[in-house]
Amino acid sequence: MNIQQLEYVIALDEYRHFVTAANHCNVTQPTLTMQLRKLEEELDIQLFDRSKKPLKPTPEGEIFIKKSRRILKDIKDLYGILDGEKNSVEGVFRLAIIPTLAPYLLPLFLPKFAAEYPDTQLNIEELESELIIKALNEGRLDMAIMATPTGEKDLDETLLFSEAFLFYGPLSHPLLLKDTITASDLDAGQLLLLSEGHCFRNQALKLCGNQTDDSPFNFKYESGSIEALKGLVQRNIGYTLVPELSVGEPDTQYVKRFADPQPSREVSLVYHNSFNRPVLVESVKHAIRESLPAHISKPKEFVRIKWR
Numbered sequence: 006m007n008i009q010q011l012e013y014v015i016a017l018d019e020y021r022h023f024v025t026a027a028n029h030c031n032v033t034q035p036t037l038t039m040q041l042r043k044l045e046e047e048l049d050i051q052l053f054d055r056s057k058k059p060l061k062p063t064p065e066g067e068i069f070i071k072k073s074r075r076i077l078k079d080i081k082d083l084y085g086i087l088d089g090e091k092n093s094v095e096g097v098f099r100l101a102i103i104p105t106l107a108p109y110l111l112p113l114f115l116p117k118f119a120a121e122y123p124d125t126q127l128n129i130e131e132l133e134s135e136l137i138i139k140a141l142n143e144g145r146l147d148m149a150i151m152a153t154p155t156g157e158k159d160l161d162e163t164l165l166f167s168e169a170f171l172f173y174g175p176l177s178h179p180l181l182l183k184d185t186i187t188a189s190d191l192d193a194g195q196l197l198l199l200s201e202g203h204c205f206r207n208q209a210l211k212l213c214g215n216q217t218d219d220s221p222f223n224f225k226y227e228s229g230s231i232e233a234l235k236g237l238v239q240r241n242i243g244y245t246l247v248p249e250l251s252v253g254e255p256d257t258q259y260v261k262r263f264a265d266p267q268p269s270r271e272v273s274l275v276y277h278n279s280f281n282r283p284v285l286v287e288s289v290k291h292a293i294r295e296s297l298p299a300h301i302s303k304p305k306e307f308v309r310i311k312w313r
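Counting in our numbering, the sequence shown runs from 6 upward without gaps.
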């Protein structure tokens, strides 16, 4: 078994096609096929079910692939240390961000970061929190911007900011007449929620005591978009809770703050403890903090709502 064979296996898992995987590895398809066969003979297991189209790993193959990703990541990290890469921000890095942050935070910090670090490429994707944690642990992501704490012993978290939860209700809602509100003011039955998988949904449910069964509506709607929930509220359908960064100037008339200590979520830069790029982490953290509106970068008194 050698590193090259592991790379071939990972490429096959990524592309599920021999020719495409071989092209990615800059070898011929017969070479890749031969090396895979040698590896399978050495291990005395079949890694891929060739009868499936597209190619599919066997159960044993799934285990082998997961371990191989970690081994290759560890080797990459070792080379990084030896080459002094830990003090560099140059290169291509994989960054994930949760959907309830992406449309509001990325436009704030990304232009500044790109201008300041032209030799750093961030390949960014939106993922829900549980998928991010899985990808970080498997070495398929370098960093993530997400709500914390995760409770994962192998993941490090660098705090970026605390973001308040705000009540978002129709103009006729009596709570908008109050100076501030508390969680006890909320009617959980009228709460519009994000769909399953969003950590912000879990936090909203905890704030409302996890009671949402007594809905007065003759429909049940859960959305993956905060903006979709806002649109319903603006048409007098229920209310929702929104993160502060999502509130623009047109939204202010629908918004009411909670009394101190305000419920909030902790947002952090998360990475595996084997990710040895402290200068890059610090650079991303600095770019994000510098881009935040003043009232968010200097948080008041908060009570953190966990999602996990």
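Every residue gets a Cβ at the ideal spot worked out from N, C-alpha and C, and that includes glycine. Everything numeric in this text was worked out from a predicted model, so none of it was measured.
*From residue 239 to residue 266, what distance separates their C-alpha atoms?*
On the sequence shown, residue 239 is found 234 positions in, with the first residue counted as 1. On the sequence shown, residue 266 is found 261 positions in, with the first residue counted as 1. One C-alpha to the other measures close to 27 Å.
*Taking the Cβ atom as the reference point for each residue, do residue 244 and residue 180 lie within a distance shorter than 9 Å?*
One-based indexing of the sequence shown puts residue 244 at position 239. One-based indexing of the sequence shown puts residue 180 at position 175. Yes, Cβ-Cβ distance for residue 244 and residue 180 is below 9 Å.
*Looking at the structure shown, is residue 267 part of a helix, part of a strand, or coil, going by DSSP?*
Residue mapping note: residue 267 aligns to position 262 of the sequence shown, counting from 1. Strand.
*Under a Cβ-count criterion, where at least 16 other Cβ atoms within 10 Å of its own Cβ denotes burial, should residue 24 be classed as buried or exposed?*
In the sequence shown, residue 24 corresponds to position 19, counting from 1. Result: exposed.
_For residue 169, the first and last residue of its enclosing beta strand (DSSP E)_ = Sequence index remark: in the sequence shown, residue 169 carries index 164 (1-based). Here the beta strand (DSSP E) through residue 169 covers 160 to 173.
*Within the same chain, show all residues whose beta-carbon is closer than 7 Å to that of residue 258, passing over the 5 residues directly before and after it, in chain order.*
Residue numbering aside, residue 258 sits at position 253 when the sequence shown is read from its first letter. Correct list, in chain order: 176.
*Start-end ranges of the beta strand (DSSP E) lying completely within the region 16 to 104, minimum 3 residues*: 96 to 102
*Is the distance from the Cβ of residue 15 to the Cβ of residue 166 below 9 Å?*
To locate residue 15, count along the sequence shown from 1; it is residue 10. To locate residue 166, count along the sequence shown from 1; it is residue 161. Not closer than 9 Å, so no.
*Taking DSSP as the reference, what is the three-state secondary structure of residue 187?*
What you label residue 187 is simply residue 182 of the sequence shown in a count that begins at 1. If DSSP states are grouped into helix, strand and coil, residue 187 belongs with coil.
*What separation, rounded to the nearest whole angstrom, lies between the Cα atoms of residue 224 and residue 197?*
The residue labelled residue 224 in the question sits at position 219 within the sequence shown. The residue labelled residue 197 in the question sits at position 192 within the sequence shown. For residue 224, the pLDDT reaches just 48, beneath the cut-off of 50, and the residue's location in the model is therefore unreliable, although a value from the coordinates is still provided. Computed Cα separation, rounded: 11 Å.
*Kindly give me the distance between the Cβ atoms of residue 152 and residue 262, rounded to whole angstroms, as I take these residues to be in contact under 8 Å.*
Along the sequence shown, one-based indexing puts residue 152 at 147. Along the sequence shown, one-based indexing puts residue 262 at 257. Taking 8 Å as the upper bound for CB-CB distance, residue 152 and residue 262 are not in contact here, some 19 Å apart.
*Can the beta-carbon of residue 53 be found less than 9 Å from the beta-carbon of residue 11?*
Taking the first residue of the sequence shown as 1, we reach residue 53 at position 48. Taking the first residue of the sequence shown as 1, we reach residue 11 at position 6. Not in contact: residue 53 and residue 11 (Cβ atoms no closer than 9 Å).
*Can you tell which of 94, 112, 186 has the C-alpha that lies nearest to the C-alpha of residue 125?*
For this step, residue 125 is matched to residue 120 along the sequence shown. Comparing Cα-Cα distances from residue 125 to each of 94, 112, 186, the minimum goes to 94.
*Inspect the beta-carbon positions of residue 268 and residue 208 and report whether they are closer than 9 Å.*
Here residue 268 corresponds to residue number 263 of the sequence shown, with the count starting at 1. Here residue 208 corresponds to residue number 203 of the sequence shown, with the count starting at 1. It is a contact, given that the beta carbons lie within the stated cut-off.
*So what does DSSP say about residue 278, is it helix, strand or coil?*
In the sequence shown, the residue the question calls residue 278 occupies position 273. Three-state result, residue 278: coil.
_Only counting the same chain, and skipping five residues up and downstream in sequence, which positions put a Cβ closer than 7 Å to that of residue 301?_
Walking along the sequence shown from the start, residue 301 turns up at place 296. Same-chain partners within the cutoff: 166, 168, 249, 250.
*Using a Cβ-Cβ distance under 9 Å, would residue 127 count as near chain B?*
Here chain B cannot be found, since the structure has a single protein chain.
_Looking only at its chain, what residues have a beta carbon closer than 6 Å to the beta carbon of residue 40, apart from the 5 residues adjacent to it on each side?_
Start at 1 with the first residue of the sequence shown, and residue 40 comes out as number 35. Result list for residue 40: 10, 13, in chain order.
_Exposure label - residue 184; buried when at least 16 CB within 10 Å_ = Here residue 184 refers to the residue found at position 179 of the sequence shown. Result: exposed.
*For residue 137, which residues of its own chain have a beta-carbon under 6 Å away from its beta-carbon, when the five flanking residues on both sides are left out?*
Position 132 of the sequence shown, counted from the start, is the residue given in the question as residue 137. The beta carbon of residue 137 sits closer than 6 Å to those of 101, 149, 151, all from its chain and outside the five residues before and after it, given in chain order.
*Cα separation between residue 60 and residue 299?*
As a working note, residue 60 is residue 55 in the sequence shown. As a working note, residue 299 is residue 294 in the sequence shown. Those two C-alpha atoms are separated by around 51 Å.
*State buried or exposed for residue 187, treating a residue as buried only when at least 16 other CB atoms are found within 10 Å of its CB.*
Taking the sequence shown and counting its residues from 1, one reaches residue 187 at position 182. Residue 187 should be labelled exposed.
*Please say whether residue 88 and residue 173 have beta carbons closer to each other than 9 Å?*
As a position in the sequence shown, residue 173 is number 168, starting the count at 1. As a position in the sequence shown, residue 88 is number 83, starting the count at 1. Their beta carbons are not under 9 Å apart, which means residue 173 does not touch residue 88 by this criterion.
_DSSP beta-bridge partners of residue 288_ = On the sequence shown, position 283 is the one that residue 288 refers to. None, per the DSSP bridge assignment.
*Alpha carbon to alpha carbon, how far is residue 157 from residue 141?*
For the purposes of this step, residue 157 is taken as residue 152 along the sequence shown, with counting starting at 1. For the purposes of this step, residue 141 is taken as residue 136 along the sequence shown, with counting starting at 1. About 10 Å.
*For the putative contact between residue 133 and residue 104, defined by C-beta atoms under 8 Å, what is the C-beta separation to the nearest angstrom?*
Reading the sequence shown from its first residue, position 128 is the one you call residue 133. Reading the sequence shown from its first residue, position 99 is the one you call residue 104. Indeed they touch by this definition, with Cβ atoms about 7 Å apart.
_Residue range of the unbroken beta strand (DSSP E) whose run includes residue 258_ = Walking along the sequence shown from the start, residue 258 turns up at place 253. It is not in any beta strand (DSSP E) - residue 258 carries neither H nor E in the DSSP assignment.
*Inspect the beta-carbon positions of residue 135 and residue 74 and report whether they are closer than 9 Å.*
To locate residue 135, count along the sequence shown from 1; it is residue 130. To locate residue 74, count along the sequence shown from 1; it is residue 69. The Cβ atoms of residue 135 and residue 74 do not sit closer than 9 Å to each other.
*Helix, strand or coil at residue 109 according to DSSP, with G and I counted as helix*: Within the sequence shown, numbered from 1, the residue matching residue 109 stands at position 104. Looking at residue 109 - three-state DSSP - the assignment turns out to be helix.
*Candidates 277, 229, 231: which alpha carbon is nearest residue 159's?*
Mapped onto the sequence shown, residue 159 falls at position 154. The option with the nearest alpha carbon to residue 159 is 277.
_The alpha helix (DSSP H) that contains residue 239, what's its start and end?_
Counting from 1 along the sequence shown, the entry for residue 239 is found at position 234. Here the alpha helix (DSSP H) through residue 239 covers 231 to 239.
*Out of curiosity, what's the CA-to-CA distance linking residue 64 and residue 287?*
Within the sequence shown, numbered from 1, the residue matching residue 64 stands at position 59. Within the sequence shown, numbered from 1, the residue matching residue 287 stands at position 282. Using only the alpha carbons, I get a separation of about 39 Å.
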